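Colleague: Pasting a structure here, questions to come.
Protein chains in written order, with the numbering used here: chain A, 1 to 455; chain B, 1001 to 1369; chain C, 2001 to 2250.
Encoded structure:
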């Protein structure tokens, strides 16, 4: 008896989550093969340690979104299922110049009553546009397609420049792109996620990469690390042929089903054979390719010198067009050292990524406000991680596409080819799990139907 | 926990019983057996209260015994088994007693022992019945008795003033049901009433008692008094119905209501007056001693006053063993002997209280519990 | 600033009480509803949010103090005493948040104490949730009373929970942040959750007790009728039996 063969191209969170979900949901045994171009699984979920001290930091995805207050949260359930403890994260402080604005009182004092009023008006408009349940269900895009304005148009309507800058600073690093390059819906999402009523944040104690390790530990699949998939096309019958490159040599394998779980920049490098499939993928990429960029700078100090002023797990800085400053050492309650992480997004991330690591670190340290820089001890060790084009600045594309078409770009001749990605939903780990579970459920149904048909 | 009021009342019943039996059996002086007619003669005499009080207290004690077992978390099954064993023990003892005490006289009495044994069996069966049902049973037992006696032709069993059945199955069964000395109908009303009234008079700790049993008793006494007075005014019921008159054999309705009322009133009063004093008062100790050994005293007093009559008849070579039955002594002497017996019974009971010794009650507990 | 050191059970005599709402220099006010002496210290915006040592010592005179420093405000809290350091312009709102927290904390503690006191009753009543017998009949009134008390407790908790478990205000104010931090530090949402679970156990037991008691009551009522029928049948049987026995010779 031959079991359905399923190839998963991409060993990042999307690939692993698809494999895990498929393994849980499949009603017939499936033979899984995971292709990963690099030597590690996990993709953008990356926890690293310093060389000089046993201190961890997040070099990739910094936090996970918690929707459990609003409704079912599959990712939180998965984390709990894997037995991983979590640490809540939160922060309300935003540093503008030399002022720490932690609340509305601070905004009113530092920016003036008019700015505070303009900010409150924007906040109300945002809530009116996207309610808590709309946010949870991802029901945006009430504006007609094609006429949907970019987010900068909405920001421009904020009456006070100071309030506008306050909002831009607050959301810039989360957007990872410029307001003019994304939709109102995605911009509002990134503003409203600061409200704990809409969602809360958490990280996995001991590093977010434990999620990857947990999934890897329970997936029964053939893992082909350092196998870069270069070509996918039709095989014998309705099967699909996957061509992977390993140590300079190409290998071909045929599969019943192929799930491509690659970030957009990697997806563009794969050749899809056959005119129909190639055209479908071109359409897919054209719709979804709105690259956004991150840059992470992490510096280790002998003590958390900023805590007298910034006590939360993260704060916003009005430098680099608005960046997020993570207290990475807050993830480890027993830590005596201090780890500060900058998350730059959008154009600033692109610009800074062109510099050498030392220059990037120096620029980051120079971005600290005077009241912090004055008491800063020397940096013990620093690292830079570049994530250019790693995420989408317009998840789901400028106009909504039916869910099935998002995940199966060419259903006629290549019904066995599926696509999984965070950019199909909301560019988060939660979104990629939604995508993975959708595809896994679909494949589970298909394999069961085929088995019944054969029987 | 022992209730001094019950001990005192039971002692009262014992004293009355001993006096009545000594005086009646040795000298033919009748207390309770009144005229059945118009006069109040006999009504005031307390001697007819002994058996009603004794049987009533049997119901009360059974209820308190059940409660004690429940409080010790004994299972229903264990309580039921112990109740049945106690009932059978008493019935068996009643049969043995008949053989040992009355055999020379060649009579078979459905006496108070066989009755209380039967009552315990019935109470065990009805243990879970709601209180109103128990009252209904008591009322039904009293109400149906005249009709039963009429059906059974009661006078044919009571020739020359005492119960004299043929020892056929039919006569024995009728004696047990309605024509013997202490037949189920209507005597079962007393233990049923005691069982139903006990929770109201002796509430559990922390609960409030009820005045209802005492008030019911008072109403019964007043009704009986009214009935007696009405009879004096010429209002009579058919003689066969035996509603009126103060007769213990057969127990008239007037007698049953009056004695039941007295038992209820006495128990309520005794509880109010005595139980707060605790079990350490002199009265409570003396009463407790008599009460604990009431069964022993019952058996013993029969042996000591009846057997001499049989022995005397045998000694003198008389044809009839009952030759001096009710003719042995003057009433005053018999009364004196009763007092003497009671005086001697007390130290005997104290002697039986010592560890390692058992009276009849001790054997009953050993066998049945 | 020289706060007195004795724990005030009534309004402190030697420390002048400010008129309500005035938060200028260091002032002690007596909040009778909470039996709490509140020391309010004005802070300058450029000062670090640290309570003066004397104020902390004054609070700790009654017991170990919880301390919180948040966005320019500092709070120390011990049984019967609290100190608050905050900018004058934000004083009134933060003070109100602190008093609101104190009231909810008091309500929650009262509920916790009452539920804790009910465990002994629950343990003795629990067997009745399974088996209700005649001898338990007199406990029905007590069960009913405890159930009513339980419903009242649940009602109080249900009224309280929205205040304890509300989502953080957004955009936040200093007062809302202080209130949230105090509730978080006192673990009020978790405590309310645990209290809810404990009440659920009580409710389940007393609900079952109520069901068993009702079943017993219904059975008791129908059993009375059954017994009455049995008595009447027994009487009839006795009459028939006696008639048969008496007429056997004829």
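Beta carbons: idealized from backbone N, C-alpha and C, even for Gly. Predicted, not measured: the structure shown is a model, and the values here were computed from it.
1) Is it the case that the Cβ atoms of residue 22(A) and residue 6(A) are separated by a distance below 8 Å?
2) So, do the segment 1252-1271 of chain B and the segment 414-432 of chain A have three or more beta carbon pairs nearer to each other than 8 Å?
3) In whole angstroms, give me the CA-to-CA distance for residue 2105(C) and residue 2210(C).
4) Report yes or no: do three or more beta-carbon pairs, one from the segment 314-331 of chain A and one from the segment 410-418 of chain A, lie closer than 8 Å?
5) What in chain B is Cβ-close to residue 2138(C), meaning under 8 Å?
6) DSSP on residue 1228(B), reduced to helix/strand/coil?
7) Is it the case that the Cβ atoms of residue 173(A) and residue 345(A) are separated by a distance below 8 Å?
8) What does residue 1068(B) reach in chain C if we use C-beta pairs closer than 8 Å?
9) Residues bridged to residue 338(A) by DSSP?
10) Thinking just about the alpha-carbon of each residue, which of 170(A), 45(A), 267(A), 218(A) is nearest to the one in residue 187(A)?
11) Does the CB of residue 1144(B) have a neighbour CB from chain C at under 8 Å?
12) Do residue 2132(C) and residue 2212(C) have their C-beta atoms closer together than 8 Å?
13) Given a cut-off of 8 Å, decide if residue 2076(C) and residue 2062(C) are closer than it, judged by their beta-carbon atoms.
14) Under 9 Å between beta-carbons, which chain A residues line up against residue 2071(C)? List them in chain order, please.
15) What separation, rounded to the nearest whole angstrom, lies between the Cα atoms of residue 375(A) and residue 288(A)?
16) For residue 444(A), does the count of other Cβ atoms within 10 angstroms reach 16, so buried, or fall short, so exposed?
17) May I have the straight-line CA-CA distance separating residue 1090(B) from residue 1114(B), to the nearest angstrom?
18) Among all the DSSP beta bridges, which residues are the ones paired with residue 2027(C)?
19) Where does residue 389(A) fall in DSSP's three states?
20) Does DSSP put residue 2066(C) in a helix, in a strand, or in coil?
21) Tell me, please, which residues DSSP counts as bridged to residue 34(A).
22) Which residue spans inside the segment 63-102 of chain A form an unbroken beta strand (DSSP E) run of at least 3?
23) Give the secondary structure of residue 57(A) by DSSP, where H, G and I count as helix, E and B as strand, and everything else as coil.
24) At the level of alpha carbons, what is the spacing between residue 106(A) and residue 93(A)?
25) Could you give the uninterrupted runs of the alpha helix (DSSP H) lying entirely in the segment 249-304 of chain A, keeping only those of 4 residues or more?
26) Exposed or buried, residue 403(A), counting other C-beta atoms within 10 Å across all chains shown (16 or more means buried)?
27) Given a limit of 7 Å on CB to CB distance, which residues of the segment 2146-2180 of chain C reach chain A?
28) Do you know whose CA, among 12(A), 57(A), 50(A), 80(A), lies nearest residue 313(A)'s CA?
29) Just reading off the beta strand (DSSP E) that residue 2221(C) is part of, what are its end residues?
30) In or out: residue 1358(B) buried (at least 16 other Cβ within 10 Å) or exposed?
31) Do three or more CB pairs link the segment 2093-2111 of chain C to the segment 2152-2159 of chain C at distances below 8 Å?
32) Report the three-state DSSP secondary structure of residue 1108(B) (helix, strand or coil).
33) DSSP on residue 246(A), reduced to helix/strand/coil?
34) Beta-carbon of residue 1260(B) versus every beta-carbon of chain C: anything under 8 Å?
35) With H, G and I counted as helix, E and B as strand and the rest as coil, what does DSSP make of residue 217(A)?
36) To which residues of the same chain is residue 1303(B) closer than 7 Å at the C-beta, ignoring the five residues directly before and after it?
Modeller: The answer reads as follows:
1) Taking the first chain and counting its residues from 1, one reaches residue 22(A) at position 22. Taking the first chain and counting its residues from 1, one reaches residue 6(A) at position 6. Against a cut-off of 8 Å, the Cβ pair of residue 6(A) and residue 22(A) comes out as a contact.
2) no
3) In the third chain, residue 2105(C) corresponds to position 105, counting from 1. In the third chain, residue 2210(C) corresponds to position 210, counting from 1. Roughly 32 Å between the two C-alpha positions.
4) no
5) Against the third chain, residue 2138(C) aligns to sequence position 138. Ordered by position in chain B, the residues that pass the 8 Å Cβ test against residue 2138(C) are 1204, 1207.
6) On the second chain, position 228 is the one that residue 1228(B) refers to. Reduced to three states, the DSSP call for residue 1228(B) is helix.
7) On the first chain, residue 173(A) is found 173 positions in, with the first residue counted as 1. On the first chain, residue 345(A) is found 345 positions in, with the first residue counted as 1. It is a contact, given that the beta carbons lie within the stated cut-off.
8) By 1-based counting over the second chain, the position of residue 1068(B) is 68. Chain C residues near residue 1068(B): none, gap ~11 Å exceeds 8 Å.
9) The count along the first chain starts at 1 and reaches residue 338(A) at position 338. Paired residues: 301(A).
10) For the purposes of this step, residue 187(A) is taken as the residue at position 187 of the first chain. Out of 170(A), 45(A), 267(A), 218(A), 170(A) has the C-alpha closest to the C-alpha of residue 187(A).
11) Translated into the one-based positions of the second chain, residue 1144(B) becomes position 144. Yes, contact with chain C.
12) If you number the third chain from 1, residue 2132(C) lands on position 132. If you number the third chain from 1, residue 2212(C) lands on position 212. A contact, by the Cβ cut-off of 8 Å.
13) The residue given as residue 2062(C) occupies position 62 in the third chain. The residue given as residue 2076(C) occupies position 76 in the third chain. Not in contact: residue 2062(C) and residue 2076(C) (Cβ atoms no closer than 8 Å).
14) Taking the third chain and counting its residues from 1, one reaches residue 2071(C) at position 71. Here the neighbours are 92, 93, 100, 102, 103, 105, 106, 311.
15) Residue 375(A) sits at position 375 when you count from the first residue of the first chain. Residue 288(A) sits at position 288 when you count from the first residue of the first chain. If you take the alpha carbons of residue 375(A) and residue 288(A), they lie about 45 Å apart.
16) Along the first chain, read from residue 1 onward, the residue named residue 444(A) stands at position 444. It counts as buried.
17) Walking along the second chain from the start, residue 1090(B) turns up at place 90. Walking along the second chain from the start, residue 1114(B) turns up at place 114. Cα to Cα, residue 1090(B) sits roughly 6 Å from residue 1114(B).
18) Taking the third chain and counting its residues from 1, one reaches residue 2027(C) at position 27. Under DSSP, residue 2027(C) forms a beta bridge with 2040(C).
19) Within the first chain, residue 389(A) is the residue found at index 389, counting from 1. In the structure shown, residue 389(A) sits in a strand (DSSP, three-state: E or B).
20) Residue numbering aside, residue 2066(C) sits at position 66 when the third chain is read from its first letter. In the structure shown, residue 2066(C) sits in a strand (DSSP, three-state: E or B).
21) Position 34 of the first chain, counting from 1, holds the residue named residue 34(A). Paired residue(s): 8(A), 223(A).
22) 64-66, 86-89, 94-96, 99-101
23) Along the first chain, one-based indexing puts residue 57(A) at 57. The answer is strand: DSSP assigns residue 57(A) an E or B state.
24) Here residue 106(A) corresponds to residue number 106 of the first chain, with the count starting at 1. Here residue 93(A) corresponds to residue number 93 of the first chain, with the count starting at 1. About 10 Å.
25) 264-267, 275-288
26) In the first chain, counting from the first residue as 1, residue 403(A) sits at position 403. Looking at its Cβ environment, which holds fewer than 16 other Cβ atoms inside 10 Å, residue 403(A) is exposed.
27) 2167, 2168, 2170, 2171, 2172, 2173, 2174, 2177
28) As a working note, residue 313(A) is residue 313 in the first chain. Of the listed residues, the one whose Cα sits closest to residue 313(A) is 57(A).
29) Along the third chain, one-based indexing puts residue 2221(C) at 221. No beta strand (DSSP E) contains residue 2221(C), which is instead part of the alpha helix (DSSP H) from 2188-2246.
30) Here residue 1358(B) refers to the residue found at position 358 when the second chain is read from its first residue. Here residue 1358(B) is exposed: its Cβ has fewer than 16 other Cβ atoms, across all protein chains shown, within 10 Å.
31) yes
32) Reading the second chain from its first residue, position 108 is the one you call residue 1108(B). Correct three-state label for residue 1108(B): coil.
33) Numbered from 1 along the first chain, position 246 holds the residue referred to as residue 246(A). Residue 246(A): strand per DSSP, three-state reduction.
34) Counting from one through the second chain, the residue named residue 1260(B) turns up at place 260. It does not: the Cβ of residue 1260(B) has no partner Cβ on chain C nearer than 8 Å.
35) Here residue 217(A) is taken as the residue at index 217 of the first chain, counted from 1. In the structure shown, residue 217(A) adopts helical secondary structure according to DSSP, grouped into three states.
36) Position 303 of the second chain, counted from the start, is the residue given in the question as residue 1303(B). 1101, listed in sequence order.
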